[in-house]
Every structure is written in structure tokens, then in C-alpha cells.
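Structure, as C-alpha cells:
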Amino acid sequence: MIPLVAGGHRLEFTWHGPGPADAPTLVFLHDGIGCAATWRDFPALLARKAGFGALVYSRAGYGASDPVALPRPLTYMHDEGIVALPEVLDGAGVREAYLVGHSDGGSIALIHSSTPRAGPRVRGLLLEAPHVFCEESTVHAIEQARDEYLRGGLRTRLERYHGGNVDCAFWGWNRAWLDPGFRSWNIEDRLHAITVPVLVVQGMDDPYGTLRQVEAIERRCGGPVRRCILERCGHSPHRDRREPTLSAMAAFIREHDKT
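Note that our numbering has the sequence shown beginning at 17, numbered continuously upward.
If you want it as C-alpha cells, here you go:
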């Protein structure tokens with residue numbers, strides 16, 4: 017398997033289903049403390065339902081990818097969407113992509129899709145709990161995550177996935193979001209440039225974000241936006257409510273795929 021490199025960092029990745037020359041590719045972008053492994057079997061299941069390939073990778077500083085220096089810049093999601101993700105797509109030979117982004121990964125997908133480099137390659141976005149601005153509830157939840165990490169329980173759970181990168185993964189995300197300068201982070205002004213179809217899956221019990229995020233995406237995007245709001249669901253619909261999330265995404269792909 018060819019190495020995948022972005023920004024000079026080697027990235028761990030897995031591939032499911034047909035290659036990019038034979039079918040569109042679902043590109044999975046994990047959350048702020050996730051990695052390729054935290055998606056579990058969801059990418060393979062969605063790829064099978066769609067008949068697509070699936071590229072699942074860990075960004076630099078996460079999982080088994082190369083580490084990065086901390087602190088992360090407050091522009092880290094812009095850096096990923098504008099610089100790193102195009103390198104990943106080019107390096108993997110992806111020709112047609114549906115970006116599947118969770119939390120930070122959803123924001124990265126939106127940022128990338130608002131740029132000219134997305135071009136005709138990106139055909140749609142499937143987003144779980146994306147952020148387009150910083151909410152007080154988000155900051156409060158991230159403060160609670162910091163406290164749990166310092167107590168040790170969250171660190172132990174995350175270390176199973178990140179190994180030696182665990183502190184890099186957690187503190188890179190946590191300290192950026194809790195930096196006072198991050199309170200003004202907002203990507204709403206980029207959304208008008210996104211004209212591809214967008215699906216937003218949001219849990220009603222998500223401590224990290226509210227329906228205001230969904231409403232902003234609906235209001236500001238330049239293309240069609242569909243919402244899927246799930247009861248009894250927290251921040252990770254693909255884990256908390258796997259079957260309805262899988263069904264909603266598969267139906268969205270069937271509706272919009274033109275191959």
C-alpha cells in the first residue's frame with residue numbers, strides 16, 4: 017500500500033471497497049479527539065451500502081500518524097481543509113469524493129468544500145455534529161472533557177486508539193478550543209461558496225453543539241441542505257444511533273449520486 021503524506025507527515029489510513037478508478041470514494045474525516053480507528057466498522061458498512069470505496073485516515077498528530085508539535089495553531093481546521101486535505105485526496109488518487117465529517121472533521125469538510133480546490137471532485141457532504149461557530153455549550157463540554165482527561169479515565173480510553181500520540185491528540189484539540197482567541201472562530205462566511213448537496217446529522221443530546229449549528233448551515237450554504245435530527249443521540253451519531261445514521265447517509269447518497 018502506498019504511503020499517504022500530507023504536510024510532510026505520514027498518515028495512517030485504511031481503504032474499503034473499490035479503488036478510486038472504479039467508483040466514487042467516501043472520505044472519512046474524524047472528530048477532534050478521534051482517528052481512523054474510532055470510526056470502527058461504520059466506513060465499511062456505508063461503503064458497502066453505497067457501492068463506493070472508503071478512505072479512512074488519521075490526521076497528523078492522531079492515531080498512528082506522525083506526531084505534530086504543540087500547540088496547534090487556532091487555524092488548524094483551516095490548515096487541514098485548505099492545505100492537508102487536498103494533499104490527501106491527490107495522494108490517494110481520489111477522483112470523485114463524498115466527504116463524511118464528524119465534528120471537527122465536519123468543519124474541515126465544509127472549509128475544504130468552500131475553496132476552489134474542491135472543484136468538481138467533491139460531490140457531496142455527509143456531516144455529523146459539525147461546528148460552524150463556537151458556542152458556550154461547546155466550550156463548557158470541552159472544559160468537562162479536560163477535567164475528565166486529567167482525572168485519567170478519558171486518557172486511558174483514548175490511549176487505546178492513539179497510543180503514543182494520545183497527549184498530542186487531546187491537548188492539541190482541547191487547548192485550541194479553550195484558547196480565549198478561539199471564541200471568535202466562525203466559518204459561516206465561507207458557506208455560501210458550497211453548492212454541493214449537504215446532509216447534516218445532529219443528535220438532540222449533543223453536549224458539544226446545538227441545532228443552531230444546523231440552522232446556520234441551512235441558512236448560509238449555497239446548495240441544498242438536508243437535516244437528520246436524532247433523538248436519544250449525543251455527539252457521535254455513527255455510534256449512538258448507528259442504524260438511522262447509516263440509513264440516512266445511504267439514502268442521501270442514492271438520491272444525489274449520478275454515476
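All residues carry an ideal CB built from backbone N, CA and C; glycine is no exception. Just so it is clear, the structure is predicted and the values come from calculations on it, not from any experiment.
- Secondary structure at isoleucine 269: helix, using DSSP grouped into helix, strand and coil.
- Between leucine 42 and arginine 137, the alpha-carbon positions lie close to 12 Å from each other.
- When Tyr78, Glu152 and Ala70 are compared, the shortest CA-CA separation from tyrosine 177 is found for Tyr78.
- For phenylalanine 44, there is no enclosing alpha helix (DSSP H); the residue is found in the beta strand (DSSP E) stretching over 41–45.
- Aspartate 205 counts as exposed, since fewer than 16 other beta carbons sit within 10 angstroms of its beta carbon.
- Looking at the backbone, the Cα of tryptophan 55 and that of leucine 143 are separated by about 14 Å.
- Only buried fits glycine 69, as 16 or more other CB atoms lie within 10 angstroms of its CB.
- Contact between alanine 76 and leucine 27 holds, with the beta-carbon distance rounding to 7 Å and staying under 8 Å.
- The beta carbons of cysteine 249 and arginine 257 sit closer together than 8 Å.
- Burial state of serine 129 is buried, judged by a 10 Å Cβ sphere holding 16 or more other Cβ atoms.
- Judged by beta-carbon spacing, glycine 67 lies beyond the 8 Å limit of glutamate 151, meaning their Cβ atoms are not closer than that value.
- Between the region 100–109 and the region 211–229, the count of Cβ pairs shorter than 8 Å is below three; the stretches do not touch.
- Per DSSP, reduced to three states, the secondary structure at glutamate 144 is strand.
- Ranked by Cα distance from leucine 194, the first of Gly33, His251 and Gly48 is Gly48.
- Between the alpha carbons of alanine 266 and valine 99 lies a distance of about 29 Å.
- Classified as exposed, threonine 91 has fewer than 16 neighbouring CB atoms from the shown chains inside 10 Å of its CB.
- In the DSSP annotation of this structure, the continuous segment of the beta strand (DSSP E) that includes leucine 71 starts and ends at 69–73.
- In the DSSP assignment, tyrosine 114 is bridged to Leu42 and Gly140.
- With respect to the 8 Å criterion, alanine 125 and glycine 135 are not classified as neighbours on the basis of their beta carbons.
- CA-to-CA, the gap between histidine 147 and proline 34 works out to about 31 Å.
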